[in-house]
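Participant: Provided herewith is a single structure, encoded as structure tokens, for subsequent inquiry.
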Amino acid sequence: MPYFYRLKEPRNEMMSKRLRIAVLPLRNESGAESFDYISDGLTEALMGGLSLNNTLRITSRSSVFVFKGSDKPIKEIGESLKVDRVLTGSLRVSDDLWTIKLRLESITEDRVVWEHFWQKHTRDLFGFHDDLVMTVSEAIVEDFGGDRFKASELPERNVKKEAYRLLLKGKYLAFKWRLEDSQKAMEYFEKSIAIDPTLAESYIRLANCLIFLSGTGYTPHTQNFSKAREYIDKALEIDPSLSEGHLALAGISFWRDWNIKGAFLKLKETLGLNPSDAEAHCNLAFISALTGRNRLANKHVEEALILDPFSANTVFVKSWIAYLNKDFESAKKLAKEALEFSSNMMPAVVVYYGSKLMLGKSSEVIEALLPMLDYEQDKATLYGLLGMAYSLEGETERVEEMERNLEESYEATKAERYSAFLFLIYAVKRDEKKAAYWLNVAINSESPLLLFLISDPLIEPIAHIPELRQIRSKLLDHGMTDGSQQLFGFPDSDKAEQEAKRIEDYFLTNKPYLDASLNLKMLSELTDIPSHRLSWLINKRFKKNFNEYVNGYRIQEFKKMANSQEYSHMTLLGLAMTCGFNSKTAFNNAFKKITGLTPKAYMKQVDNEESQEVL
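According to full-length UniProt numbering, the sequence shown is numbered sequentially starting from 1.
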């Protein structure tokens, strides 16, 4: 969020070791569970602000929230999280008065480093958050060292209280990762945006809900991914430094576009903004393992485990790396550990039982899964794993029964999980023709599961078929290089040059950037270039994302108008709105990112140059 700040680089030898800190969930002492969303929101605000300090490693949300409401001694919690310091506290809400207590304790030295008490009215929510983050940071500097910062370095913001309250309510529900909670959370985020369209995080959280619903197969992925992309673009237009936005873009690049290199670069950009983002480290580990970069994969997953040791996703990624490298005993053990954190994590279920199949224990898989058919809702996973196990056991009739179940379910729902498991069953059966058919179904439907499928060790019996070799070569062997885009509708070199020129000419002639509502979909319709290809062209040919490209033209237009006597009666904000910016924050952020100056500093520089010319 916009109130995060970054301390300067460490200045002494002691600071070369990043201090590991866990911010435990603030205790809600207000007497009502309905205030949990506020205490959780303040906890996340503290974590977010501190995580952008390069000298700190902040333990991720999923690990610290394991200890929400825990009575365990702080020293025991700190040791289990493997941190140096633990920040604890409480919140009491009475009308519009908040009472907060915070305490920073050293686990390694077994002492209280600092504690503080606040009573604040809630009229200035962000000012309150800034005060918390600054005071805690000051205590860390006093105790551990590092460079200080000034309150004046915090950026301006003007966020409406009710919009932020709705954002916190939505986040509280969204983090439960359940269908009904996600749908209710989306309502809160939409209301938040309606009240304050400049609150960037509301767009990101709304996008993440859509991605979650697509990834779990609840709703059509194509529709949701497109809508999610619009929300992410909007958030980054408001605040280009929002790390969660770049992380979400990486997810869309990977799962929807199968653009491994694009996802990799976005994840690196995310870590540049927030070095403590465990999810970004996990995803980099996943991509690195997928493309055979095992040393890099292990480096990132170990960093993720430091930041987020009790996360099912972190442990799963480590199990996936072992699975890809055919260390099936380790993969099975780690997948089981991930399932202890999240029993319904479908990818971990597949790795656990897939490892058993690869270890020749298909009868154990049947014995464990067959009873679940009577009560387990995720029938796709059961049909798929049982179908592969029956195939390895030579039980033809039972295999055909599982195939029929999957085919009927796929015809009824078109859900990708059913077609994915059909591909895996036919791969294990060595039925090359049918495996190729279902592989093409995954490709043609742009299935988010495709990258899982083509890398799974279970498909080794058909690894030689042309369809699989081609797609693996395009996505995995060359996925981190600049070639191989044409298979998915991206233009060859000559056509790319022509379309890039068409985009430039359209911008120069028609000035679409003056429309504040311009988005990728609109520009696609205006230029008659498909949106996925348009995004690739802007990224590839102009070395910018969509927002950077459009805002570049807006800044050029602003400079022309600002230097013209014709518009001398207009304010800077008025000029910015005329040039296509829809808020002061979006304009200031874009201007400084592109020019390195604030708008006021730029105008002062122009005035000085004009004075010099007169002299």
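Note that the Cβ used here is the ideal one computed from N, Cα and C, for glycine as well.
Extract the residue ranges of the beta strand (DSSP E) inside the segment 562-606, only unbroken runs of 3 or more that lie entirely within it.
Facilitator: Listed in chain order, nothing qualifies, since the segment 562-606 has no complete beta strand (DSSP E) run of 3 or more residues.
Participant: Report buried or exposed for N444, applying the criterion of at least 16 other Cβ atoms within 10 angstroms of its Cβ.
Facilitator: Sequence index remark: in the sequence shown, residue 444 carries index 444 (1-based). With fewer than 16 other Cβ atoms within 10 Å, it is exposed.
Participant: Excluding sequence positions up to five away, which residues of its chain have a Cβ less than 8 Å from the Cβ of E397?
Facilitator: Looking up residue 397 in the sequence shown gives position 397. Result list for E397: empty, nothing under 8 Å.
Participant: Mapping the DSSP letters down to three states, classify H464 as helix, strand or coil.
Facilitator: In the sequence shown, residue 464 corresponds to position 464, counting from 1. Coil.
Participant: Applying the 10 Å Cβ sphere with the 16-neighbour rule, what's the burial state of Y375?
Facilitator: The count along the sequence shown starts at 1 and reaches residue 375 at position 375. Exposed is the call here.
Participant: Across which residues does DSSP place E105 in a beta bridge pair?
Facilitator: Taking the first residue of the sequence shown as position 1, residue 105 is located at position 105. Partner(s): V86 and V112.
Participant: Below 7 Å CB to CB, which residues in the same chain sit around F507 once its five sequence neighbours on both sides are set aside?
Facilitator: Position 507 of the sequence shown, counted from the start, is the residue given in the question as residue 507. Taken in chain order, the residues that qualify are Y513 and Y553.
Participant: Helix, strand or coil for R398? Go by DSSP, reduced to three states.
Facilitator: As a first step, residue 398 must be located in the sequence shown, where it is residue number 398. Helix at R398.
Participant: Nearest CA to the CA of P240: which residue from I211, R256, G272 and A263?
Facilitator: The count along the sequence shown starts at 1 and reaches residue 240 at position 240. With distances taken between Cα atoms, P240 lies closest to G272.
Participant: Quick one: what does DSSP say T99 is sitting in, helix, strand or coil?
Facilitator: Residue numbering aside, residue 99 sits at position 99 when the sequence shown is read from its first letter. Looking at T99 - three-state DSSP - the assignment turns out to be strand.
Participant: To which residues of the same chain is G69 closer than 6 Å at the C-beta, ignoring the five residues directly before and after it?
Facilitator: The residue you call residue 69 lines up with position 69 of the sequence shown. Contacts found: none.
Participant: With distances taken from CA atoms, which of L534, K559, K160 and H569 is nearest I549?
Facilitator: Sequence index remark: in the sequence shown, residue 549 carries index 549 (1-based). Per the sequence presented here, residue 549 reads as Tyr, with Ile not at that position. Among L534, K559, K160 and H569, the Cα nearest to that of Y549 belongs to L534.
Participant: In terms of DSSP beta bridges, what is A22 paired with?
Facilitator: Reading the sequence shown from its first residue, position 22 is the one you call residue 22. According to DSSP, which records beta bridges pairwise, A22 is partnered with V86.
Participant: Within the continuous beta strand (DSSP E) that includes L56, where are the two ends?
Facilitator: Your numbering for residue 56 matches position 56 in the sequence shown. Note, L56: beta strand (DSSP E), L56 to I58.
Participant: Can you tell me the Cα-Cα spacing of Y437 and D431, whole angstroms?
Facilitator: Position 437 of the sequence shown holds residue 437. Position 431 of the sequence shown holds residue 431. Near 10 Å, if we compare the C-alpha coordinates of D431 and Y437.
Participant: Are the segment 85-103 and the segment 25-39 in contact at 8 Å, needing three or more beta carbon pairs?
Facilitator: Yes, since at least three Cβ pairs between the segment 85-103 and the segment 25-39 fall closer than 8 Å, the two stretches touch.
Participant: If you drop the 5 nearest sequence neighbours on each side, which residues of the same chain put their C-beta closer than 6 Å to that of N283?
Facilitator: Residue 283 sits at position 283 when you count from the first residue of the sequence shown. Cβ neighbours of N283 beyond the five flanking positions: L267.
Participant: Could you pull out every residue in the same chain whose Cβ sits closer than 7 Å to the Cβ of A250, ignoring the five residues on either side in sequence?
Facilitator: For this step, residue 250 is matched to residue 250 along the sequence shown. Correct list, in chain order: A263, K266, L267, T270 and N283.
Participant: Contact defined as beta carbons within less than 8 Å: I believe I503 pairs with N551. What is the distance between those atoms, to the nearest angstrom?
Facilitator: Taking the first residue of the sequence shown as position 1, residue 503 is located at position 503. Taking the first residue of the sequence shown as position 1, residue 551 is located at position 551. About 15 Å; that fails the 8 Å criterion.
Participant: Please classify E201 as buried or exposed, where buried requires at least 16 neighbouring CB atoms within 10 angstroms.
Facilitator: Taking the sequence shown and counting its residues from 1, the one referred to as residue 201 is at position 201. Per the 10 Å Cβ criterion, buried.
Participant: At which residue ranges does the segment 301-327 contain complete alpha helix (DSSP H) runs of 4 or more residues, listed in the order of the chain?
Facilitator: Counting whole runs of 4 or more residues, the segment 301-327 contains the alpha helix (DSSP H) stretches 312-324.
Participant: Alpha carbon to alpha carbon, how far is G384 from D327?
Facilitator: Within the sequence shown, residue 384 is the residue found at index 384, counting from 1. Within the sequence shown, residue 327 is the residue found at index 327, counting from 1. About 22 Å.
Participant: Using CA atoms only, rank isn't needed, just tell me which of I321, V66 and S60 is closest to P347.
Facilitator: Position 347 of the sequence shown holds residue 347. Out of I321, V66 and S60, I321 has the C-alpha closest to the C-alpha of P347.
Participant: If we ignore side chains and look at the alpha-carbon of each, how far apart do D308 and F558 end up?
Facilitator: Numbered from 1 along the sequence shown, position 308 holds the residue referred to as residue 308. Numbered from 1 along the sequence shown, position 558 holds the residue referred to as residue 558. Their Cα atoms are separated by approximately 44 Å.
Participant: Mind checking who V133 pairs with in its DSSP beta bridge?
Facilitator: The count along the sequence shown starts at 1 and reaches residue 133 at position 133. Paired residues: none, contrary to the question.
Participant: Which residues bound the alpha helix (DSSP H) around residue 647?
Facilitator: Because the chain spans 1 through 615 in this model, residue 647 falls outside it and cannot be assessed.
Participant: Could you compute how far the alpha carbon of A389 sits from the alpha carbon of L373?
Facilitator: Locating residue 389 in the sequence shown gives position 389, counting from the first residue. Locating residue 373 in the sequence shown gives position 373, counting from the first residue. Cα to Cα, the separation comes out at about 15 Å.
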